[in-house]
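**Q**
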Amino acid sequence: MLGRRRYASHEPESHGIDLAPMLDFVINLLIFFIITAVFVKESGITVNRSTGVENPTPSDAESIVIQILPNGDIYVADRQVDVQAVQANVQRMRAVSPESAVLIVANTRAPTGVLVEVADEVRQAGVYDVTFNTTE
Amino acid sequence: MQAKRHVATSEDHGIDLAPMLDFTINLLIFFIITTSFIKEPGVTVDKPFASTAVNDPQGNLLIAVRESGEIWMDRREVEVRDIRVMIERFHIERPDDSVVIIADRNSEAGIVAEVMDMVRAGGIDNVSVAAVPPGGG
């Protein structure tokens, strides 16, 4: 009995659970999640896509039509404007008819950069309901 | 007496691992929560600028459209007609996903429109076009 107690007092750390394997496991999990973590957050703008209508008539009565040609020229209501002028034009037309939505009719070969810039200008004008269409 | 003191102090001969364990598990929980398993396209494109670009926290399915018209998704080049099937599969796996189309600023709008239609046909209506906000990033 005395000998047994003395033996126990020589290994005092054996009274709890051995944490080392759990710690190994947890650190492995941690490393896995650190490596797979991707902190990429894409920013973007949302544009609606009108479905069903393949070739809409550009002279749609209720909406402000902005056309983009293959070379990047922008036409607001059949008048050529600069990218910076899109916002002012949309604001002016919205003041006339506040309910009108904006329809961007881009040629299929128009650069996407111009499309995004135009949609951005329209959003700066306060119209977030932008619909996007393509023509041949 | 001498032996008893030796027994009492023999436990703290190593480093106490408990605080380190707490810290490690907190880190682990942080990384588990912030992990979103984004499907990256695998190519870099020259994104257009937009001052009204907003962060899309749900946007974790990225489709890249390059200047040449190539479409990249989930680290490989795909055809327009493949997108629908892939989107349907991803949509079943994670129904609350949304798609961000990363289009080069010189890519053709027609291809972006086709990709957008295919994504919508695949069942995900939440589609946005990537743009760089004024602050960069």
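In order, the protein sequences belong to chains A and B. Note that my numbering numbers the first sequence so that position 2 is 2, with each residue one more than the last. Just add 1000 to wherever you are in the second sequence, counting from 1, and you've got my numbering. Where is the CB? At the ideal position from N, CA and C, for every residue including glycine. All of these numbers come straight from a predicted model, not from anything done at the bench.
1. Only counting the same chain, and skipping five residues up and downstream in sequence, which positions put a Cβ closer than 6 Å to that of V47(A)?
2. When DSSP builds the beta bridges, which residues end up paired with Y75(A)?
3. When the Cβ atoms of the region 64-72 of chain A are set against those of the region 1083-1090 of chain B, are three or more pairs found closer than 8 Å?
4. With distances taken Cα to Cα, identify the nearest neighbour of I1038(B) among A1050(B), D1016(B), L1062(B).
5. Check the Cβ-Cβ distances between S43(A) and every residue of chain B, and say whether any is below 8 Å.
6. How about I1025(B): is its C-beta nearer than 8 Å to some C-beta of chain A?
7. Roughly how many angstroms lie between the CA atoms of I34(A) and N1026(B), to the nearest whole one?
8. Considering just the uninterrupted stretch of the beta strand (DSSP E) at F132(A), what are its terminal residues?
9. Does the CB of E1079(B) have a neighbour CB from chain A at under 8 Å?
10. Would you call the CB atoms of L1028(B) and L19(A) closer than 8 Å?
11. Sort out for me which residues DSSP pairs V114(A) with in a bridge.
12. Which partner residues of I1071(B) appear in the DSSP bridge assignment?
13. Where does F1023(B) sit, in a helix, a strand or coil, going by DSSP?
14. Determine whether the Cβ of M1116(B) lies closer than 8 Å to any Cβ atom of chain A.
15. Where does V1100(B) sit, in a helix, a strand or coil, going by DSSP?
16. Is V118(A) near the ligand GTP, going by C-beta to nearest heavy atom under 7 Å?
17. Identify the continuous beta strand (DSSP E) that holds L103(A) and give its terminal residues.
18. Helix or strand or just coil, what does DSSP make of N1138(B)?
19. How is E949(B) classed by DSSP in three states: helix, strand or coil?
20. Measuring only between beta-carbons, confirm whether D82(A) sits less than 8 Å from chain B.
21. Does the region 1072-1081 of chain B come close enough to the region 75-82 of chain A that 3 or more CB-CB pairs lie under 8 Å?
22. Beta-carbon within less than 8 Å of D1046(B)'s beta-carbon, same chain only, minus the 5 sequence neighbours each way: which residues are those?
23. When the distance is taken between beta carbons, is A1130(B) closer than 8 Å to I1087(B)?
24. Got a sec? Which residues, its chain only, sit under 6 Å from Q91(A) by beta carbon, not counting five neighbours each side?
**A** Let me spell this out:
1. In chain order, A119, V130, F132 place their CB closer than 6 Å to the CB of V47(A), counting only its own chain and leaving out the 5 sequence neighbours on each side.
2. Y75(A) has Q67(A), Q80(A) as its beta-bridge partners, per DSSP.
3. No contact exists between the region 64-72 of chain A and the region 1083-1090 of chain B.
4. It is L1062(B).
5. Yes, its Cβ sits closer than 8 Å to a Cβ of chain B.
6. Residue-level contact by beta carbon holds for I1025(B) and chain A, with a gap shorter than 8 Å.
7. Each residue's Cα considered, the two are about 13 Å apart.
8. Note, F132(A): beta strand (DSSP E), 130-135.
9. For E1079(B), the answer is no, since every Cβ of chain A falls outside 8 Å of its Cβ.
10. Not in contact: L1028(B) and L19(A) (Cβ atoms no closer than 8 Å).
11. Partner(s): none; V114(A) has no beta bridge.
12. In the DSSP assignment, I1071(B) is bridged to V1065(B), V1078(B).
13. DSSP places F1023(B) in helix when its eight states are reduced to three.
14. Closer than 8 Å to some Cβ of chain A, the Cβ of M1116(B) qualifies, so yes.
15. Looking at V1100(B) - three-state DSSP - the assignment turns out to be strand.
16. Absence of the ligand GTP from the depicted structure is noted, as is the absence of any ligand whatsoever, leaving it without description.
17. Its beta strand (DSSP E) spans residues 102-107.
18. Chain B is shown only over 1001 to 1137; residue 1138(B) falls outside these bounds and no answer can be derived.
19. The structure shown has nothing for residue 949(B), since chain B only spans 1001 to 1137.
20. No, no contact with chain B.
21. When Cβ pairs closer than 8 Å are counted between the two stretches, the region 75-82 of chain A is seen not to touch the region 1072-1081 of chain B, the count staying below three.
22. Within the same chain, D1046(B) has close Cβ partners E1067, D1104, R1105, N1106.
23. Note that the C-beta distance between I1087(B) and A1130(B) is not below 8 Å.
24. Answer for Q91(A): A125, listed in chain order.
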